[in-house]
Amino acid sequence: MTATAIPALQTRDLTKVYPGFWSSQHVRALDKLNLTVNRGEIFGLLGPNGSGKTTTIKLLLGLINATEGSAGVLGKPAGDQIARRSIGYLPEETYLYRFLNARQTLDFYARLFNMNRAQRNRAVEFYLEFVGLDPAVRRRQLRTYSKGQARRVGLAQSLLNDPELVILDEPTSGLDPLATIEMKKLIKELKRAGKTVLLSSHQLADVEDVCDRVCILYRGKLEIEGTVDSLLEVKDVFRIEGRNVPVDLQVKMVAMLHEAGVSDINPGVQRSRLEDVFKRLVLEKRSAERAPGGPK
Ligand SMILES: Nc1ncnc2c1ncn2[C@@H]1O[C@H](COP(=O)(O)OP(=O)(O)O)[C@@H](O)[C@H]1O
Ligand SMILES: [Mg+2]
3 MTATAIPALQ TRDLTKVYPG FWSSQHVRAL DKLNLTVNRG EIFGLLGPNG
53 SGKTTTIKLL LGLINATEGS AGVLGKPAGD QIARRSIGYL PEETYLYRFL
103 NARQTLDFYA RLFNMNRAQR NRAVEFYLEF VGLDPAVRRR QLRTYSKGQA
153 RRVGLAQSLL NDPELVILDE PTSGLDPLAT IEMKKLIKEL KRAGKTVLLS
203 SHQLADVEDV CDRVCILYRG KLEIEGTVDS LLEVKDVFRI EGRNVPVDLQ
253 VKMVAMLHEA GVSDINPGVQ RSRLEDVFKR LVLEKRSAER APGGPK
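Residues are numbered in our numbering as their position in the sequence shown, beginning at 1, plus a constant of 2.
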């Protein structure tokens, strides 16, 4: 297989059970996950809180061990030290030193990659510019940063080693709508730069327009997977859009459809949103759980 044919990420029956003191306290956080993420795509790992997104990410990074199954990253087993160097990781909570400014923080992490001073200066400037951190803000201590500014520094940190694969755990969580839009722009930039991006989110509307493909986890199980377009497509509805369609033509078109016996004619109809797909899934699951004799 050529290097590009090897997927960026692949899991086989990946399972994680966190042990509890009693067997009844064991938590099956991830249950037989089979997932392939191809190189160059933006893949969204979606699901409500506690559905196993962070667990999946930690398994892929080799930070925790699988109970069963396996995971491969860039053609190597998860946790492999060589592959690890080609991964950038933005944790759910970034712990940054509050009394350093952005440049000092990134310089500190760049040292961990054994970069010399010239390389560090170049990388730090490049990524501060890339994430669009205001020059005046760069000189302030991180403790004065907004959540959005701190998240930008976290993203810059995860990119310092120019990784092939970028794993972002809840990159938009806690950000206001504007900061969310900017974070999404940066994620798309990463794709344009040829990187593969795996991101997790419980805020579906926030990521639906950045991901090429998504999966939705629920209680550690993969429930839905596909391209965003295929998940949002309503199959038995035909739609045409056009700008400046004359009113008399609109009337004629609607009349023709009526004549042909087409039902539910609805000019200007919207496609459903990923949020609706998600809400429907979670509501169905919850009502099945509550029904007598339903799954626990
Ligand atoms: N270290 C741990 N020990 C025991 N249970 C855990 C641990 N980490 C996560 N869990 C549980 O595993 C499940 C999945 O958690 P997580 O992967 O963090 O979900 P998500 O990131 O989707 O919110 C949750 O029920 C959580 O409480
Ligand atoms: Mg999480």
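No residue lacks a Cβ here, since even glycine has one placed at the ideal position from N, Cα and C. All of these numbers come straight from a predicted model, not from anything done at the bench.
Beta-carbon proximity of residue i to residue j, cut-off 9 angstroms
i, j, result
"L102", "E166", "no"
"R221", "G46", "no"
"R122", "L135", "no"
"L11", "A68", "no"
"G49", "S202", "yes"
"K18", "K223", "no"
"A90", "L161", "In the sequence as presented, Ala is not what sits at residue 90; that position holds Gly. Against a cut-off of 9 angstroms, the Cβ pair of L161 and G90 comes out as a contact."
"T198", "E43", "yes"
"L177", "F280", "no"
"L114", "E210", "no"
"G54", "L37", "no"
"T96", "Q159", "yes"
"L157", "L219", "no"
"L188", "F132", "yes"
"A138", "V126", "no"
"S265", "N163", "no"
"S232", "A181", "no"
"T229", "D208", "no"
"G150", "M117", "no"
Cβ distance (whole Å) where residue i is taken to contact residue j below 8 angstroms
i, j, result
"I226", "C217", "7 angstroms"
"P9", "R41", "7 angstroms"
"E94", "E172", "5 angstroms"
"D15", "E70", "6 angstroms"
"L130", "V168", "Not quite, the Cβ-Cβ distance comes to about 17 angstroms (not below 8 angstroms), so this is no contact."
"R140", "R105", "6 angstroms"
"L61", "T107", "The pair is not a contact, with the Cβ atoms about 28 angstroms apart (cut-off 8 angstroms)."
"V39", "L200", "6 angstroms"
"I267", "V249", "The Cβ separation is near 16 angstroms, so there is no contact."
Collapsed DSSP secondary structure at residue i in the structure displayed
i, result
"D45", "For the record, residue 45 in the displayed sequence is Phe; it is not Asp. In this structure, F45 counts as strand in the three-state DSSP scheme."
"K298", "Below a pLDDT of 50, predicted positions are generally treated as unreliable, and K298, at 48, falls in that range; no measurement from the model is reported."
"A158", "helix"
"L65", "coil"
"V253", "helix"
"Q143", "strand"
"D109", "helix"
"A73", "strand"
"P173", "coil"
"G150", "helix"
"V279", "helix"
"S53", "coil"
"L234", "helix"
"S203", "strand"
"T58", "helix"
"L167", "strand"
"K197", "coil"
"L92", "strand"
Residue range of the beta strand (DSSP E) that includes residue i
i, result
"V39", "29 to 39"
"K223", "223 to 229"
"T182", "Premise fails: T182 lies in the alpha helix (DSSP H), 179 to 194, not in any beta strand (DSSP E)."
"Q12", "11 to 20"
"I218", "215 to 220"
"L135", "Counting along the chain, L135 falls outside any beta strand (DSSP E), and DSSP gives it neither H nor E."
Range of the contiguous alpha helix (DSSP H) that encloses residue i
i, result
"Y129", "119 to 132"
"R2", "This structure cannot speak to residue 2, because the chain is shown only from 3 to 298."
"V209", "206 to 209"
"I84", "83 to 86"
Chain C contact for residue i (CB, 9 angstroms cutoff)
i, result
"R241", "In the structure shown, chain C cannot be found, because there is only a single protein chain."
Exercise for the section: Measuring from each Cβ to the nearest heavy atom of ligand 1, keep the ones under 5 angstroms and list them in chain order. Expected result: Y20, V29, A31, N51, G52, S53, G54, K55, T56, T57
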